[in-house]
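For reference, the structure is listed below as structure tokens.
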Amino acid sequence: MGSLLSAVGQLFGNQKGQETQRHLRANDRPFNLSYRYADNAIKTSKYNIFTFLPLNLFEQFRRLANAYFLVLLILQVIPQISSLSWFTTVVPLLLVLSMTAVKDASDDINRHKSDNQVNNRRVDVLINGELKSEKWMNVQVGDIIKLTANQFVTADLLLLSSSEPLNLVYIETAELDGETNLKVKQALTVTGELGGNEGDLFGFNGEVLCEPPNNRLDKFRGTLTVEGQTYAVDNDKVLLRGCTLRNTEWCFGLVIFGGPDTKLMQNSGKTTFKRTSVDHLMNVLVLCIFGFLASMCTILAIGNAIWEVREGASFTVFLPREPGVNAAFSSFLSFWSYVIILNTVVPISLYVSVEIIRLGNSFFIDWDRKMYYPKSDTPAQARTTTLNEELGQIKYIFSDKTGTLTQNIMAFNKCSINGKSYGELFDISGERVEITEKTKRVNFSGNQLADPNFIFHDYSLLETVNEGNLEAQAFFRLLALCHTVMPEEKTEGQLFYQAQSPDEGALVTAARNFGFVFRSRTPESITAMEMGREVTYELLAVLDFNNVRKRMSVIVRNPEGKLTLYCKGADTIIYDRLHPSCHKLKEDTQNHLNDYAGEGLRTLALAYKDLDESYVSEWKQRHHEASTAMDERDEKLDLLYEEIETGLQLLGATAVEDKLQDGVPQTIEQLAKADIKIWVLTGDKQETAENIGYSCNMLREEMTGIFIVAANTAEGVKEELQKARRQMCPGSSDEPEVTRCRAGLFWMEKTQSVKDEKVDGEYGLVINGHSLAFALEKDLELELLRTACMCQTVICCRVTPLQKAQVVQLVKKYKQAVTLAIGDGANDVSMIKAAHIGVGISGQEGMQAVLSSDFSFAQFRYLQRLLLVHGRWSYLRMCKFLRYFFYKNFTFTFVHFWYAFLCGFSAQTVYDEWFITLYNLVYTALPVLGMSLFDQDVSDSWSFQHPQLYSPGQLNQYFNKKAFVRCVMHSCYSSLILFFIPWAAMYDTVRDDGKDIADYQSFALLAQTCLLIVVDIQLCLDTYYWTAVNQFFVWGSLAAYFAITFTMYSNGMFLIFTSAFPFIGTARNSLNQPNVWLTILLTSILCILPVVAFRFVVLQLRPTINDKVRHQMRKEAQVPAPAIIRAPKMRSTRRSGYAFAHAQGYGDLVTSGRFLRRPVKNRVGLFSQTDSPLAEGQPQLYRTIAEETDEAPVV
């Protein structure tokens, strides 16, 4: 058999191209190396010391503008066509290239450091029968490695053996799925027998055939062949890289996938270069500007040819032409000369400024103390500095649930006992009091075993228990006995519970604090402290939970010999099994359950039944026969459970809160007001996700309709989607309207878009993973998109990481909207990378999502500040910057164009050469940067009060092609005024002393002075928010202009550098004349007055939402306090999800003698995984260690 497997493995393994199946042999490096599998080293860096310069320059010159300026530089060194010095281009080009190179180098150095830190970690590897410490990067496929407690899993491993009973290990998967609770894995029996014996492990030569590397975190298929016997290997027997070993002394594993082949790295995906919509638009506009520049240069070249033919001969006497230069050739040279002169329509300083603005706005995010989380010392971080303005245009948010919206912590919130509800506070008048952090807590100091972290506020419940109320004591006795929790007592009185689910942990902890302390257990008994008295119960049977039963029961005998069945489960299930005498109590408890459900709490009903000794003996005999039956075992057990779980007496109900992160409902409400649609993509089961949807205010009772899509066939899914769509929009066509167009650079990119359809009312959509898989197929994806986009809220349950990315890509493809994905685990990485913006939640839940994200912070609530404040401001500032920058540069350039008609199209510049060099770098750079870094239309508090201010960014209203055309038209008008008014004013003008002033140099000085003053006034009109920095930059730039001008036009500079500074005395001779200043005043008024008048009319007739809010803000004497948005109390009759999230099969586990054959290790929080493969398949009886092959998604 082994030779056959080797032959098959070689057939698969040595094929060229993509790997289709993996074959490896334990402890046989030569055999495994023959397949050339990847080693365990990872590499996320892009460059090394030799490739950095060529690769980085290559990437930078792929940018159209950089390549253009390189060509321009080459043209400027040709003396026949250049009328400008080469330094006017080379200085800003080098500045841009250097800044970008430094930034890229810094990013890559950080990646190298991260790679080295991981690759140089140490692990024990079994080599030649001995454990040797090796670096992670030297581990190979097929090696056997030893892990110890709290150690990271080195690679994807097949678990061989462990120090725990039944070869169990406990792992924390925070790096993978963001969950901090522990999950259990179990080795095969055949490998578990190897134990920790190094000799036996070195002699192990099992062969593994399994699936090739992939990114499916929840599935694994393979086989292990040992001594001719083949065993199935599934996900429960595999430890994935990125997990942490907890509460397990040691374990051994066989390396299956290493380095880039591990599921962790496969989920990291390929990093794509993200660019904003503004970047894409700028590329198109730059291309249009090139065409416009070529048109202007062609016109002026033709004008030069005509002028040379008609007038040129008159000038050849004193300006002789060079040999071989005729009118046609002169026109050709003139074309390229004007390309150089008019290049300021696309100044390279534009790109320098854009990078500075983005960097500055990124620092504002990093420095924002209102996004700092002190509990984990985690500030917000802009990990990418090129996407800030995109934060102001988000239309769709895709969010994970566990660890992103929730804390994955359950809290015992309220309860109903014998028809009375506990957990709420009332004042003297009987009015309900809101519970806050400052509300006084119940003091449990009288209970030495109480959990100090347990919080409860209703004193009446503790008083009821202490007074000896039998129903209350029976209620908490049930909670202390009916569960599968494992206790750990490190020191006397220091109890820690290892709860398989956080729900159970919360309930047992509540019982502990109210005087019923679960202390210890054996397979046959449970010991508890009841009101200070130790009581040991005999455990006769555990009637385990599964997803069909939705309940769990235990049968116990107390020290007095009384037999009792305690049962807890979903209220709808328990109510069907109650004794008729509970009718009145059932109604009262039902009302309380409705209240709890309306608040989004997860509920359980509690009941008990006293049993007869003879009946239990006879029932146990039948139970034993059913549990050992070979056929229909589960059906027989279910019938027995149904038989004994009848005629129950109702005790009450519990209400557990699946604690959301602080501020989640308020944040979602704010984002909804900003017309941002939120889709939740979670691996949790449907009921859990729905509960969170209601808790977060995403799903509301007042919604017009909530649709559930849960069909198991493609036809069924299509029918359910169409039914929902027709109900929301009866007039919608069967076929979607798909608009096809071209976009992108050179219009080479084909795009398709599906328009939003109008819907009356608010709707929600919940779809599970099986249905989603069908809906994402080619023929159904548009139906899914149409239906989902009609809904205000979409929740996708049981989705895989790949499906998360597919949903994001579907919306990106057809909606042409900006998307944001937010998550905290490795299962969110593909979604984060697929979206336009990826946000990682950092903190205690793992850092894998953060490492792949563009922005990160510690709490979901900070998302509203990131978008509504920083995002909106960044978008507003960038758009304002681009509009102003294009205005000032087109105005600057058009003056050259008009001047060409009066200088014989000779390519002479209208301005001084030094002014041309310093215009964008010095005179106008700082004022526009000041506006683009500090400007804000309204303050952050007003932004929160009016989230509707966000919508213009979604519609891209502030800067688009129309806005660009308006800028060009405005520039054309301003340039006409700036050229012809000074020209007419200077024509045939004399000084006060009668001397002529109408010379070229005086006109150039007047024109450039008018230009600078006008663009500065325009900047002041565009600035909403003035700071000392803005004032300094504006006035400082004007002062710098006059200081530099007087210095350069002085006698001293002319004497030192005669050829470089020919404008000797021009400034002092011109600027001391009143008519020059009157001309500057007239020019400024004519340029600015129409702008002010137009804005006034628009403000009166068609004010925008920004105008209205700014007007309201000015009317208010002071800045309003930030609006406090309280999550409304949801009162409804919706059935709450039952708080019973743990997996099937653990009743047998806790009653197994072998499970408790030795003391329990120190453990924290066992299995708070809310869903497991065990919950979907058949019961896994740990005493027989059945090999499961059924697959089911896990969270």
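For the sequence shown, this note's numbering assigns the number 1 to the initial residue and increments by one for each residue that follows. Note that CB positions come from ideal geometry on N, CA and C, so glycine has one too. For clarity, every value in this text was computed on a predicted model and none was experimentally measured.
Boundaries of the beta strand (DSSP E) around residue 413: 406-417. Restricting attention to 523, 548 and 546, the CA atom closest to the CA of residue 537 is found in 523.
The straight-line gap separating the alpha-carbon atoms of residue 869 and residue 668 is approximately 15 angstroms.
Within the DSSP secondary-structure output, residue 878 pairs in no beta bridge.
Close CB contacts of residue 119 within its chain, under the 7 angstroms cut and outside five residues either way in sequence, are with 41, 42, 135, 136 and 137 (chain order). Looking from the CA of residue 797, the closest CA among 260, 348, 679 and 159 belongs to 679. Under the DSSP assignment, residue 837 falls in the beta strand (DSSP E) whose first and last residues are 837-841.
The residue from 783, 203 and 775 with its alpha-carbon nearest to that of residue 736 is 783. Between residue 225 and residue 207, the beta carbon gap of about 5 angstroms places them in contact (Cβ cut-off 8 angstroms). Counting the other CB atoms within 10 Å of its CB gives residue 440 a total below 16, which places it among the exposed residues.
In the three-state reduction of the DSSP assignment, residue 781 falls in the helix class.
Distance between residue 838 and residue 855, taken at the CA atoms: about 7 angstroms.
Of all alpha-carbon atoms in 531, 484, 545 and 570, the one lying nearest the alpha-carbon of residue 539 is that of 484. As the crow flies, the alpha-carbon of residue 721 is around 44 angstroms from that of residue 230. By the 16-neighbour rule on beta-carbons within 10 angstroms, residue 583 is exposed. With a contact defined as Cβ atoms closer than 8 angstroms, residue 342 and residue 293 qualify at about 6 angstroms.
Between the beta-carbon of residue 919 and that of residue 1004 there is about 13 angstroms, and that puts the pair past the 8 angstroms contact cut. Non-local C-beta neighbours of residue 159 in its own chain, meaning closer than 6 angstroms and more than five positions away in sequence, comprise 185, 187, 237, 239 and 253, ordered along the chain. For residue 641, the enclosing alpha helix (DSSP H) has its first and last residue at 633-644. When the beta-carbon positions are compared, residue 126 and residue 201 come within less than 8 angstroms of each other. In its chain, beyond the 5 residues on either side, 926 have a beta carbon closer than 8 angstroms to the beta carbon of residue 1036. Take the alpha-carbon of residue 477 and the one of residue 512: they are about 10 angstroms apart. When DSSP states are grouped into helix, strand and coil, residue 813 belongs to the helix group. The continuous alpha helix (DSSP H) containing residue 967 extends over residues 961-986. Bounds of any alpha helix (DSSP H) do not take in residue 655; it lies within the beta strand (DSSP E) bounded by 649-660. Fewer than three Cβ pairs drawn from the segment 442-452 and the segment 695-702 lie within less than 8 angstroms of each other, which leaves the two stretches out of contact. Within the DSSP secondary-structure output, residue 25 pairs in a beta bridge with 207.
Cβ contact annotation for residue 692 (same chain, cutoff 7 angstroms, sequence separation greater than five): 401, 405, 406 and 658, in chain order. The continuous stretches of beta strand (DSSP E) do not include residue 831, which lies in the alpha helix (DSSP H) extending over residues 829-834. If you look at residue 142, you'll find it isn't in any beta strand (DSSP E); DSSP assigns it neither H nor E. Just so you know, the alpha carbons of residue 461 and residue 595 end up roughly 18 angstroms apart.
Contact between the segment 1069-1085 and the segment 971-982 is established, with three or more Cβ pairs separated by less than 8 angstroms.
Using a C-beta cut-off of 8 angstroms, the segment 557-570 makes contact with the segment 609-624, since at least three inter-stretch Cβ pairs fall below that distance.
Judged by their CB atoms, residue 603 and residue 507 are not nearer to each other than the 8 angstroms cut-off.
Counting of Cβ neighbours within 10 angstroms places residue 1025 among the exposed residues, the total staying below 16.
If one requires a minimum length of 3 residues, the beta strand (DSSP E) runs lying completely within the segment 466-520 are 486-489 and 495-498, in chain order.
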